[in-house]
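**Q** Count along the sequence shown from 1, then add 1; that gives the number in the numbering used here.
Below you will find the structure I want to go over with you.
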Amino acid sequence: MKTMNVITEDSLADIELQLNWKSNEAEHSEVLFTKMNVWRDILPPGMTGELMGKGPGDRVGIRYAKDENLLPSGREDVYVLKRGQFDDSRATPRYGRFYPMSLLTGVPHVFPGNVRPFRLTDMNDDTIQADAGHPLAGYDLALTAKVHDAMVKPYDRGGECSMLIECVADGPGMQVPKNGRPTDFFEPDAFAREDETDDSRFYENPRLVNHLDDRAIETISGFYGGLLQPGMDVLDLMSAWRSHVPEGAGLKSMIGLGMNAEEMAENPQLNGFRVHDLNIHPKLPFDDRSFDRVICTASVEYLIHPDAVFADVARVLRAGGIFALTFSNRWFPPKTIRLWPKLHEFERMGLVLAYFNRSGKFTDLHTLSSRGWPRPETDKYYGQQFKSDPVYAVWGKTIA
């Protein structure tokens, strides 16, 4: 395929889209890598013109006010239904949660298998209210597009998306409560697990493998690098054989706290480590204000006492310190909390935001999603999955 320097109407282009927005709870950034057919795919208003003539490395941006209706408010998609129209044999209705439309009966144009999400926004003994409008409607949005490559298309075909704003906005908005009322995540068995046996037995054999692909790890490393400064003391919470902190970060120290000594002993970035089970002892074995940063990678879904852990993380952080958590859509099913797989991937960021808020110890909250990147061809799952594992991050700063 012939490569060219700039985008024209006849181009195929690799584009990194970034959607930034702010809710009452946090600041949010959504990143999506996509392949675009400039002629056939539908871009948000003004974006096509901005991209013309741009080449690799160029970036353009447009802001859209909430009253421009870039995403439909869906007022006509708010349904007040009888409780019996919600199939509670498949899920228990809870305020603020998202469910597939297929759980509803007697709603026009809704058929079995419809996975379009709706949010439960009101309920009583007799009725429920289902809001199928876009969860980002009503927010000011800032959209940027960075060109990674542009090429002459060998034939006419669509890109990966036909409407790019719908692709980058597929999921965002689900991580924040509706109208400021906390989402009802905390059902009675939320923190139960399939395997309730001693965690130390489950983790006694070392797993010296990466559980995410290299592209996802690169995203996590870059994210952590943006939060770290030379001379800092860092705690790697629920640590393992790799911390995914960029080389050359110049840290004063990084201590691991995890379940397997052999794994942490193999971690070249740790200055020291302790074996500690947070599900038995949520209090951290460190003095007050010991660390500048606490990181936690692909592990928050295993915490059964998150409120206690988040509160104690705040205790060991210095004033203005940051607690940053990253995760994906892969986990060990026997030990993850029962609630986690029930949630949409973006709702999981909302759950972690709820942990921060319930602790009362953090401010300046943020979320990040990064999706759609090509999976490395050397990855063992490349033939089954061509996209890299998605990365989600939630972080906050201690209240001074």
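Here a beta-carbon is modelled for each residue, glycine too, at the ideal position from N, C-alpha and C.
All values derive from a computational prediction rather than experimental measurement.
Could you tell me the alpha carbon to alpha carbon distance between residue 200 and residue 327, rounded to whole angstroms?
**A** Using only the alpha carbons, I get a separation of about 21 Å.
**Q** For residue 150, which residues from the same chain have a beta carbon less than 8 Å from its beta carbon, with the 5 sequence-adjacent residues on both sides left out?
**A** Excluding residues within five positions, the ones whose Cβ falls inside 8 Å are 4, 14, 15, 57.
**Q** Would you mind sorting residue 387 into buried or exposed? The rule is 16 or more other CB atoms within 10 Å of its CB.
**A** So residue 387 counts as exposed.
**Q** Kindly identify the DSSP beta-bridge partner or partners of residue 130.
**A** For residue 130, which the question treats as bridged, DSSP gives the partners 81, 123.
**Q** Write down the C-beta distance between residue 216 and residue 376 rounded to the nearest angstrom, noting that I regard them as a contact closer than 8 Å.
**A** Between residue 376 and residue 216 the Cβ distance is about 6 Å, and since that is below 8 Å, they are a contact.
**Q** Kindly give me the distance between the Cβ atoms of residue 357 and residue 176, rounded to whole angstroms, as I take these residues to be in contact under 8 Å.
**A** Residue 357 to residue 176, Cβ: 12 Å. No contact.
**Q** With DSSP as the reference, identify every bridge partner of residue 14, one or two as the case may be.
**A** DSSP lists 37, 151 as partners of residue 14.
**Q** Distance check for residue 214 and residue 42, CA to CA, integer angstroms please.
**A** Roughly 29 Å separates the two Cα atoms.
**Q** Quick check for students: name the residue ranges of the alpha helix (DSSP H) that lie wholly in the segment 241-313, counting only runs of 4 or more.
**A** Listed in chain order, the complete alpha helix (DSSP H) runs (minimum 4 residues) inside the segment 241-313 are 262-266.
**Q** Is it true that the CB of residue 272 sits closer than 9 Å to the CB of residue 242?
**A** No, they are not a contact pair.
**Q** Check the DSSP bridge columns for residue 30 and list the partner residues they point to.
**A** In the DSSP output, where bridge partners are listed per residue, residue 30 has 21, 369.
**Q** Note down the Cα distance separating residue 385 from residue 20, rounded to an integer number of angstroms.
**A** Rounded to the nearest angstrom, the two C-alpha atoms are 29 Å apart.
**Q** Got a sec: is the Cβ-Cβ distance from residue 373 to anything in chain B below 9 Å?
**A** In the displayed structure, chain B is absent; only one protein chain is listed.
**Q** How should residue 195 be labelled, buried or exposed, when 16 other C-beta atoms within 10 angstroms of its C-beta is the threshold for buried?
**A** Its Cβ having fewer than 16 others within 10 Å, residue 195 is exposed.
**Q** Is it right to say residue 202 is buried, meaning 16 or more other beta carbons lie within 10 angstroms of its own, or is it exposed?
**A** Result: exposed.
**Q** CA-CA distance, residue 206 and residue 170?
**A** If I take the Cα positions, the gap works out to 41 Å.
**Q** Quick one: grab the DSSP three-state call for residue 97.
**A** Reduced to three states, the DSSP call for residue 97 is coil.
**Q** Pull up the distance between the alpha-carbon of residue 86 and that of residue 288, whole angstroms please.
**A** Straight-line Cα distance between these residues: approximately 54 Å.
**Q** Comparing C-alpha positions only, which one of 60, 22, 30 sits nearest to residue 8?
**A** Comparing Cα-Cα distances from residue 8 to each of 60, 22, 30, the minimum goes to 60.
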